[in-house]
Amino acid sequence: ACSKSLEDLSSGIKEMVGSCIEGTVLPDQLSGGTFTLTNLGMLGIDHFTPVINPPEAAILGVGGISLRPVRDREGKVSYAEGITLSLTIDHQAVDGAPAARFLKDLVDTLNNYPGANAGNDKGDE
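All the letters of the sequence shown, read from the start, carry residue numbers 422 to 546 under the working numbering.
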C-alpha cells in the first residue's frame, strides 16, 4: 500500500468491497493486513469503538454523517455535517502519541479536502 497512489488504493478498495458484497472474496484476500478501516455509518451508527483484528496494529472506525453545532469566528452558532472517527491501536505495536498525530493529520486532511466543507458556513473558507 505504501507504494500505491491514492487512485490505485481507491480502485483496489472498490474492487475488494465489490467482492465482499458479492460474496466472492477469498479468505486469503482478507489476511495479512496491519490496519483495518471499518464503516458502520452506513448502518446509521454515529460512533462506536472498533475492536482490533489480531495480529493487526490498529483499526479506524468511521461513524455516520450527522449535523453538529459549530461556532464561526464571530461566535455565531450554525450546524455542519461531520463524522466521528475512532482509532483503536495495539500499544504493543504502536505508541499512542504517533497514533494521535496520525488521527489529527487525518482529520486535518479531511477538513481541508476540496469540497469537504461545501455548504458549511463556519467562516473558515
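The C-beta atom is built at its ideal place from N, Cα and C for all residues, glycine as well.
No experiment lies behind these values; they were computed from the predicted model shown.
Discussion item. Contact between the segment 447 to 463 and the segment 474 to 485 is defined here as three or more beta-carbon pairs at a separation below 8 Å; is this criterion met?
Written reply: yes
Worksheet item: Can you name, in chain order, every residue of its own chain whose Cβ lies under 8 Å from the Cβ of T470, other than the five neighbours on each side?
Response: Position 49 of the sequence shown, counted from the start, is the residue given in the question as residue 470. G482, S507 and T509.
Discussion item. Can you tell me whether A501 is buried or exposed? The criterion is at least 16 other CB atoms within 10 Å of its CB, across all chains shown.
Written reply: Indexing the sequence shown from 1 puts residue 501 at position 80. Flag for A501 reads exposed.
Fill in: Where G536 falls, given that 16 or more other Cβ within 10 Å makes a residue buried
If you number the sequence shown from 1, residue 536 lands on position 115. When all chains shown are included, G536 counts as exposed.
Worksheet item: Around the Cβ of A518, are there at least 16 other Cβ atoms within 10 angstroms (buried) or fewer (exposed)?
Response: Locating residue 518 in the sequence shown gives position 97, counting from the first residue. Exposed: under 16 other Cβ atoms inside 10 Å.
Worksheet item: Hey, how far is the Cα of S499 from the Cα of L524?
Response: If you number the sequence shown from 1, residue 499 lands on position 78. If you number the sequence shown from 1, residue 524 lands on position 103. Cα-Cα distance, rounded: 25 Å.
Worksheet item: Rounded to a whole number of angstroms, what is the C-alpha to C-alpha distance between S432 and L527?
Response: As a first step, residue 432 must be located in the sequence shown, where it is residue number 11. As a first step, residue 527 must be located in the sequence shown, where it is residue number 106. Approximately 20 Å between the Cα atoms of the pair.
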